[in-house]
Structures are given as structure tokens and as C-alpha cells.
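Beneath this line is the structure, given in C-alpha cells, with notes to follow.
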Amino acid sequence: ERYVAGLARTRGGFVAKLARLFRGRPRVSAELRDEVESVLFTADIGAKAAQKLLDQVTDLLDKSDVADADKVWAVIRTAARQILTVPAAPLDYSPNPPPYVLLMIGVNGVGKTTTLGKLAAFHKAAGRRVLLVAGDTFRAAAGEQLEIWARRVGCEIHLGKEGADPSSVIHDGIFRGAREGFDVVLCDTAGRLHTKKELMDELQKIRRSCAKALARARGVGEAEVRGPHDTFLVLDATIGQNALAQAVLFKETMDFTGLVLTKLDGTAKGGVVLGVCDELRVPVRFIGIGEKIDDLRPFDADAFVEAMFG
Ligand code: GDP
Numbered sequence: 080e081r082y083v084a085g086l087a088r089t090r091g092g093f094v095a096k097l098a099r100l101f102r103g104r105p106r107v108s109a110e111l112r113d114e115v116e117s118v119l120f121t122a123d124i125g126a127k128a129a130q131k132l133l134d135q136v137t138d139l140l141d142k143s144d145v146a147d148a149d150k151v152w153a154v155i156r157t158a159a160r161q162i163l164t165v166p167a168a169p170l171d172y173s174p175n176p177p178p179y180v181l182l183m184i185g186v187n188g189v190g191k192t193t194t195l196g197k198l199a200a201f202h203k204a205a206g207r208r209v210l211l212v213a214g215d216t217f218r219a220a221a222g223e224q225l226e227i228w229a230r231r232v233g234c235e236i237h238l239g240k241e242g243a244d245p246s247s248v249i250h251d252g253i254f255r256g257a258r259e260g261f262d263v264v265l266c267d268t269a270g271r272l273h274t275k276k277e278l279m280d281e282l283q284k285i286r287r288s289c290a291k292a293l294a295r296a297r298g299v300g301e302a303e304v305r306g307p308h309d310t311f312l313v314l315d316a317t318i319g320q321n322a323l324a325q326a327v328l329f330k331e332t333m334d335f336t337g338l339v340l341t342k343l344d345g346t347a348k349g350g351v352v353l354g355v356c357d358e359l360r361v362p363v364r365f366i367g368i369g370e371k372i373d374d375l376r377p378f379d380a381d382a383f384v385e386a387m388f389g
């Protein structure tokens with residue numbers, strides 16, 4: 080399946096390296112342990128997750144003189160599944176009253192706009208009325224790119240003027256979405272990292288404007304509304320451990336309810352998903368496995384482990 084194909088490079092990277100270590104080595108040796116350690120610690124899964132996997136493997140090797148690859152594989156899979164399973168309620172796309180409002184955040188180039196386009200298609204296919212909101216007003220190209228997606232998907236888009244205040248564009252978009260009976264409002268945001276403080280201040284302002292818009296549309300106080308319903312941080316898997324560092328930086332000032340890992344098809348660094356889950360304990364909600372409209376998958380820990388370690 081595409082899921083498996085999307086992770087082929089990661090499988091061919093550190094996972095294949097691990098598998099090779101045991102081939103033709105019937106005895107557990109000090110050398111073998113060192114090699115396992117070195118593969119795990121250079122696998123882009125982050126030091127903490129690597130240590131967790133290593134502990135499991137070490138326990139097993141301590142108990143046996145035989146280098147049983149199947150058993151090692153089983154403990155690695157179990158430990159990986161534990162790390163990837165972050166308890167979370169299923170996504171609720173039907174709040175009462177509608178619309179479901181989603182903010183997409185992350186630095187430039189990670190795949191926010193593309194993921195929004197794919198998500199719009201996903202909701203459309205489920206029969207929901209979708210409004211895209213082009214909150215990245217700093218780059219004209221960002222709005223144009225989202226417009227192309229809206230056309231491709233066949234959904235509506237709310238565009239602000241170039242250079243307009245992003246939070247006011249998002250406010251107006253959400254207000255329109257609520258007033259015009261959309262089921263789902265998906266908002267893009269700008270991800271320029273001028274300074275961390277600037278970006279974070281702006282994202283906070285955007286978040287407040289979501290609640291303001293919903294309250295205004297319903298004629299209630301801001302304290303009575305919940306919005307956005309979800310905020311997804313998008314991370315580019317091809318940058319490996321830097322994605323982990325980015326996530327930690329965002330986490331310091333901005334709450335997000337889910338993660339999206341993109342470009343898993345183009346990298347051997349898919350192990351970073353383990354590191355991110357382990358470090359943040361925020362659920363991965365979707366993964367991107369290509370540039371096309373249907374190259375987005377809901378994240379599933381079991382399927383992911385299966386695709387990665389087979
Ligand atoms: P943004 O600046 O965060 O909005 O990023 P974009 O959505 O513009 O994406 C940047 C580039 O990454 C584009 O060329 C996308 O086609 C590409 N991209 C996004 N998601 C994926 C993915 O899952 N796989 C691959 N191979 N490319 C992707």
C-alpha cells in the first residue's frame with residue numbers, strides 16, 4: 080500500500096541497518112551491542128527514544144547468548160508502538176454548533192498549505208462543506224497556492240489582501256464560515272521565523288481572533304466559545320532531528336492539539352516520528368506521504384510500526 084511505500088526509505092535506512100546487524104551472527108557479543116547502540120543513536124529518533132529502544136534490546140541480549148533477530152525485532156516493535164501510542168480522543172469534526180475550526184501552524188516550507196489542501200479534499204469527500212482561509216498574508220504566493228488547492232478540491236476560499244493583518248483575515252474567514260453554514264473552516268498561517276517572539280505573539284493573536292470571530296458570529300461572549308477546535312503543528316520529516324527541535328520551540332509558547340509529519344516519502348529519517356511522539360506526547364494526527372491530493376493518511380500507530388519494521 081502507499082503507507083508502506085511512503086516509508087520505504089526509512090525502512091531502507093536505519094531499520095535495514097538494524098536488521099543487517101543480526102544476520103549471520105549467532106552469538107551475542109559486546110561488538111553487536113555497540114553496533115545496535117550506534118545504529119539507534121544515529122537514526123534520527125532522538126536520544127531519549129533511542130535509549131528506550133536500546134534498553135529493551137539490552138535487556139533481551141542480557142538474557143540470552145543467542146543473537147535471535149526475531150526476538151530483538153519483537154521488542155523493538157513493542158517499544159516503538161508504546162512510544163507512538165499517545166492517548167487522545169478521536170478528532171471531532173462535528174462540534175455543536177458548527178463549524179469545526181482548524182489552525183495549521185509551522186515554519187515556512189514544511190507543508191502547511193499542501194496539507195490543508197489535502198485535508199480539504201478529505202473533508203469534502205466526507206460530504207462536509209469546507210472553507211479554506213488564507214491566513215498567510217506575507218507571501219502573495221501562499222494565497223495563490225491555496226487558491227489552486229481550493230479549485231482542485233472544489234471548495235471555497237477566503238482570501239485577505241496581501242499584507243493585511245493575518246489575524247484579521249482569519250477572523251473574517253471564520254466569521255464568514257460560521258455565518259454561512261460551513262461545516263469545516265481550515266486556516267493557513269504564516270510561518271516566517273523572523274524572531275521566535277514575533278511569530279509566537281502573532282500566533283497567539285490569531286488564536287484569540289478565532290474565538291472572537293466565533294463569539295461574534297453567534298452573538299455570545301468570548302468565554303462561551305471554544306475555538307479553534309484543533310491546532311496542528313506541521314513538521315517536515317526530512318530535516319530529522321531539527322523537526323524535533325522546532326516542535327520543542329513551538330511547544331514553549333503555543334499549545335497544539337496534534338502533529339502532522341510531512342514528506343515521509345522523501346526521507347530515510349521517518350524515525351523522527353518516534354522522537355517527536357516521545358518528546359512531546361502530542362498525538363500525530365496525519366502524515367504526508369507525497370505531494371498529491373490523496374497523499375495524506377490519518378496516523379495509526381500500529382500501521383506505522385508495521386510499515387516501518389514490517
Ligand atoms: P508551507 O510553506 O508550510 O505552506 O509549505 P508548502 O505546503 O508550500 O510545501 C512546501 C513543499 O513541500 C511543496 O513543494 C510541497 O509540494 C511539498 N510537500 C508538502 N507535503 C509533502 C509530502 O508529504 N511529500 C512530499 N514529497 N512533498 C511534500
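Per the UniProt record's numbering, the very first residue in the sequence shown carries number 80; after that it's consecutive. Where a beta carbon is used, it is the ideal one built from N, C-alpha and C, also for glycine.
{"Check": "Buried versus exposed call for LYS197 [16 or more other C-beta atoms within 10 Å across all chains shown]", "Outcome": "buried"}
{"Check": "Beta-carbon separation (whole angstroms), LEU210 vs GLY239, contact threshold 8 Å", "Outcome": "Not a contact, Cβ separation roughly 13 Å."}
{"Check": "Distance cut-off 7 Å: residue 390 Cβ against heavy atoms of ligand 1", "Outcome": "Past the edges of the chain, shown from 80 to 389, lies residue 390, and the structure says nothing about it."}
{"Check": "ASP244 versus VAL384 - alpha carbon distance", "Outcome": "42 Å"}
{"Check": "Residue nearest to HIS250 in terms of C-alpha spacing, selected from ALA213, THR89, GLU116 and GLU277", "Outcome": "ALA213"}
{"Check": "8 Å contact criterion, which VAL351 and ALA382 should meet: CB distance rounded", "Outcome": "Between ALA382 and VAL351 the Cβ distance is about 17 Å, and since that is not below 8 Å, they are no contact."}
{"Check": "Whole-angstrom C-beta distance between LEU375 and THR194, which should lie under 8 Å", "Outcome": "7 Å"}
{"Check": "Cβ of ASP315 within 8 Å of any chain C Cβ", "Outcome": "Among the chains in the structure shown there is no chain C, since it carries only a single protein chain."}
{"Check": "Backbone CA spacing between ALA129 and SER117 [nearest angstrom]", "Outcome": "10 Å"}
{"Check": "Under 8 Å between C-beta atoms of LYS284 and ALA316", "Outcome": "no"}
{"Check": "Segment contact flag, the region 325-340 with the region 130-139, C-beta cutoff 8 Å, min 3 pairs", "Outcome": "no"}
{"Check": "Cβ shell of ASP171 (< 6 Å), same chain only, five flanking positions each side left out", "Outcome": "none"}
{"Check": "Every unbroken beta strand (DSSP E) within the region 158-217, with a cutoff of 3 residues, ordered by chain", "Outcome": "179-184 and 209-214"}
{"Check": "Alpha-carbon to alpha-carbon, ASP334 and LYS276", "Outcome": "15 Å"}
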